[in-house]
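Remember, my numbering sits 959 above the position in the sequence shown when you count from 1.
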Amino acid sequence: MPDAAPARGPTDVERARRRTLTSMSPSIATNTQVGLDELLEFVRPRHRALLMTRRADGSPQASPLTCGVDDSGRIVMSTYPERAKVRNAKRDPAVSLVVLSDEWNGPWVQIDGTAEVIDTPESVEPLVEYYRNIAGEHPDWDEYREAMRKQGKSLIRVTPERWGPVATGGFPARLVENEG
């Protein structure tokens, strides 16, 4: 029976790989647990998201969209009633939303909740609130309301029920801690 190979430390190739990994991005991935108030404060300035719903066959369907937070703490998005996300959310209101930062490597969070779809004409005033919360005051609210009615816009509200930590990308701490 051959002798066991002697224990060895990292090879030059392994050390070079670690140096390359850590020099590409010195940041370490983080996961920060937050309460509902902190979650909503995180989401308010971030308007890029992916909404995940389920198709009739149970397979996932993702939609990129613009979102905001309404005055009642629900995550809201404007859409059209013909969209797949609307059909899916009406049939199965259990949805997930990934809210992203403007910068690709910025923090993000996944939120699970129950969706409510509001169609025209009931959607018009909630759409005004949506606009105010993400863009401020409109120069002509009557014109905006009329445009929402003419376009037949819908609003989806998601009540957060469960959420993951606010996360950032980066390397696992072990790669930075063990470097050298």
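Backbone N, C-alpha and C define an ideal beta-carbon position, used for all residues, glycine too.
Which full runs of the beta strand (DSSP E) of 3+ residues lie inside the segment 1020-1073, going along the chain?
1034-1038, 1053-1059
Does DSSP classify residue 1119 as helix, strand or coil?
Position 160 of the sequence shown holds residue 1119. Reduced to three states, the DSSP call for residue 1119 is strand.
Under the assumption that residue 1120 contacts residue 1071 (Cβ atoms under 8 Å), give the Cβ distance between them as a whole number of angstroms.
By one-based count along the sequence shown, residue 1120 stands at place 161. By one-based count along the sequence shown, residue 1071 stands at place 112. With 8 Å as the limit, residue 1120 and residue 1071 qualify as a contact, their Cβ atoms being about 6 Å apart.
Determine the DSSP secondary structure at residue 1007, reduced to helix, strand or coil.
As a working mapping, residue 1007 is identified with position 48 in the sequence shown. In the structure shown, residue 1007 sits in a strand (DSSP, three-state: E or B).
Is it the case that the segment 1080-1094 contacts the segment 1007-1023, given that we only count it when at least three CB pairs across the two stretches are under 8 Å?
no
Residue 1003 and residue 1028 look like a contact to me (Cβ under 8 Å); what is the Cβ gap, rounded to whole Å?
The residue labelled residue 1003 in the question sits at position 44 within the sequence shown. The residue labelled residue 1028 in the question sits at position 69 within the sequence shown. Yes, they are in contact, since the Cβ atoms of residue 1003 and residue 1028 sit about 5 Å apart, within 8 Å.
Pull up the distance between the alpha-carbon of residue 1064 and that of residue 1057, whole angstroms please.
Here residue 1064 is taken as the residue at index 105 of the sequence shown, counted from 1. Here residue 1057 is taken as the residue at index 98 of the sequence shown, counted from 1. Distance between the alpha carbons of residue 1064 and residue 1057: 14 Å.
For residue 981, which residues of its own chain have a beta-carbon under 7 Å away from its beta-carbon, when the five flanking residues on both sides are left out?
As a first step, residue 981 must be located in the sequence shown, where it is residue number 22. Low confidence applies here, because residue 981 scores a pLDDT of 47, under 50, leaving its location unreliable and the question unanswered by this model.
Given residue 1118, which residues of its chain have a CB within under 6 Å of its CB, disregarding the five upstream and five downstream residues?
Here residue 1118 corresponds to residue number 159 of the sequence shown, with the count starting at 1. Excluding positions up to five away in sequence, the list reads 1033, 1072, 1073.
So residue 993 is in the alpha helix (DSSP H); what residue range does that whole segment cover?
Residue numbering aside, residue 993 sits at position 34 when the sequence shown is read from its first letter. No alpha helix (DSSP H) holds residue 993; DSSP gives it neither H nor E.
Taking the C-alpha atoms as reference points, what is the distance between residue 994 and residue 1109?
For the purposes of this step, residue 994 is identified with residue 35 of the sequence shown, where counting begins at 1. For the purposes of this step, residue 1109 is identified with residue 150 of the sequence shown, where counting begins at 1. In a straight line, the C-alpha of residue 994 is about 39 Å away from that of residue 1109.
How is residue 1015 classed by DSSP in three states: helix, strand or coil?
Here the question's residue 1015 lines up with position 56 in the sequence shown. If DSSP states are grouped into helix, strand and coil, residue 1015 belongs with coil.
Does the Cβ-Cβ distance between residue 1132 and residue 987 come in under 8 Å?
Here residue 1132 refers to the residue found at position 173 of the sequence shown. Here residue 987 refers to the residue found at position 28 of the sequence shown. In contact: residue 1132 and residue 987 (Cβ atoms closer than 8 Å).
Member of 1024, 1061, 1031, 1030 whose CA lies at the smallest distance from the CA of residue 1043:
Against the sequence shown, residue 1043 aligns to sequence position 84. Nearest of 1024, 1061, 1031, 1030 to residue 1043, Cα basis: 1024.
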